[in-house]
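Q: Below: one structure in structure tokens.
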Amino acid sequence: MYSEIVMDHFTNPRNVGEIPDADAVGQVGNPKCGDIMKMYFKIEGNIIVDVKFKTFGCGSAIASSSMATEMVKGKTVEEALALSNYEVAKELNGLPPAKMHCSLLAEQAIKSAIFDYAKKNNLYYKELEGFDPDAEEDHHNHDEE
């Protein structure tokens with residue numbers, strides 16, 4: 001059901017924790033379903049030099065958070081914004097359809113952190129147009145209900 005990579009990132013998650021003096025902090029999730037992700041970025045010269053996360057959720061949510069942090073560390077802010085949930089799921093060697101919302105949460109947590117960074121530094125990123133980090137969305141696939 002779960003790939004070895006998902007199981008590895010769930011049992012040995014990378015980049016867990018907080019960055020006390022983070023340049024960007026983003027949180028997304030739906031408290032009703034229990035999946036909440038918070039990401040912290042340290043950004044120097046437009047490069048994400050450090051990233052940490054805290055996730056409350058299932059194994060797929062933790063694995064998606066862990067993989068996403070690995071994928072954006074060392075990247076530019078623009079490269080991180082371009083990361084899609086499908087790329088996260090692909091790097092995890094797939095997620096079950098009912099768990100794809102976890103990779104979407106990881107993508108949105110990244111966007112939420114960069115939204116915070118842009119707001120603090122009066123920056124504009126076209127990729128964030130229409131993005132609302134405070135929207136309480138149901139990230140689950142409605143077909144699974």
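Residue numbering for the sequence shown follows UniProt numbering, beginning at 1 and increasing consecutively. Glycine included, every Cβ here is placed at the ideal spot set by N, Cα and C.
#1: Please go through the same chain and pick out, in chain order, the residues whose beta-carbon is closer than 6 Å to the beta-carbon of SER64, but skip the five residues on each side of it.
#2: Bridge partners of ASN30, per DSSP?
#3: If we ignore side chains and look at the alpha-carbon of each, how far apart do GLU4 and TYR86 end up?
#4: Within a Cβ cutoff of 7 Å, which residues of the same chain sit near SER60, ignoring the five residues on either side of it in sequence?
#5: Who are the near neighbours of GLU18 in its chain, counting only those whose CB is closer than 7 Å to its CB and skipping five residues on each side?
#6: Since ILE48 and ALA80 should fall inside the 8 Å C-beta cutoff, what is the C-beta to C-beta distance between them, to a whole number of angstroms?
#7: According to DSSP, what are the bridge partners of LYS73?
#8: Taking the CB atoms as reference points, tell me whether MET37 and ALA109 lie closer together than 7 Å.
#9: For LYS75, collect the residues of the same chain with a Cβ closer than 6 Å to its Cβ; drop the 5 residues on either side in sequence, then sort them by chain order.
#10: Tell me whether SER84 is buried or exposed, calling it buried when 16 or more other Cβ atoms sit within 10 Å of its Cβ.
#11: Short of 7 Å in beta carbon distance, which residues of its chain neighbour PHE115, apart from the five on each side in sequence? Order them along the chain.
#12: Can you tell me which of PRO20, CYS58, ASN46 puts its alpha carbon nearest to the alpha carbon of LYS30?
#13: So, helix, strand or coil for LYS131, using DSSP?
#14: Quick one: Cα of PRO20 to Cα of LYS42, how far?
A: Per the coordinate set shown:
#1: Here residue 64 refers to the residue found at position 64 when the sequence shown is read from its first residue. The answer, listed in chain order, is VAL88, CYS102, SER103, ALA106.
#2: In the sequence shown, residue 30 corresponds to position 30, counting from 1. ASP35, per the DSSP bridge assignment.
#3: By one-based count along the sequence shown, residue 4 stands at place 4. By one-based count along the sequence shown, residue 86 stands at place 86. Distance between the alpha carbons of GLU4 and TYR86: 18 Å.
#4: Within the sequence shown, the letter at position 60 stands for residue 60. VAL6, LEU95, LYS99, CYS102, listed in sequence order.
#5: In the sequence shown, residue 18 corresponds to position 18, counting from 1. Closer than 7 Å at Cβ, skipping near neighbours: TYR40, LYS52, LYS54.
#6: Working through the sequence shown from its first residue, we reach residue 48 at position 48. Working through the sequence shown from its first residue, we reach residue 80 at position 80. That pair is a contact at about 6 Å.
#7: Within the sequence shown, the letter at position 73 stands for residue 73. BP columns for LYS73 are empty, so no partner.
#8: What you label residue 37 is simply residue 37 of the sequence shown in a count that begins at 1. What you label residue 109 is simply residue 109 of the sequence shown in a count that begins at 1. Yes, the pair counts as a contact, with Cβ atoms nearer than the cut-off.
#9: In the sequence shown, the residue the question calls residue 75 occupies position 75. So the list reads ILE48, once near-sequence residues are dropped.
#10: For the purposes of this step, residue 84 is taken as residue 84 along the sequence shown, with counting starting at 1. Counting the other CB atoms within 10 Å of its CB gives SER84 a total below 16, which places it among the exposed residues.
#11: As a working mapping, residue 115 is identified with position 115 in the sequence shown. Excluding residues within five positions, the ones whose Cβ falls inside 7 Å are GLY26, LEU128, PHE131, PRO133.
#12: Along the sequence shown, read from residue 1 onward, the residue named residue 30 stands at position 30. According to the sequence shown, residue 30 is Asn rather than Lys. Nearest of PRO20, CYS58, ASN46 to ASN30, Cα basis: CYS58.
#13: Numbered from 1 along the sequence shown, position 131 holds the residue referred to as residue 131. Strictly speaking, residue 131 in this sequence is Phe, with Lys absent from that position. In the structure shown, PHE131 sits in coil (DSSP, three-state: anything other than H, G, I, E or B).
#14: Walking along the sequence shown from the start, residue 20 turns up at place 20. Walking along the sequence shown from the start, residue 42 turns up at place 42. Computed Cα separation, rounded: 10 Å.
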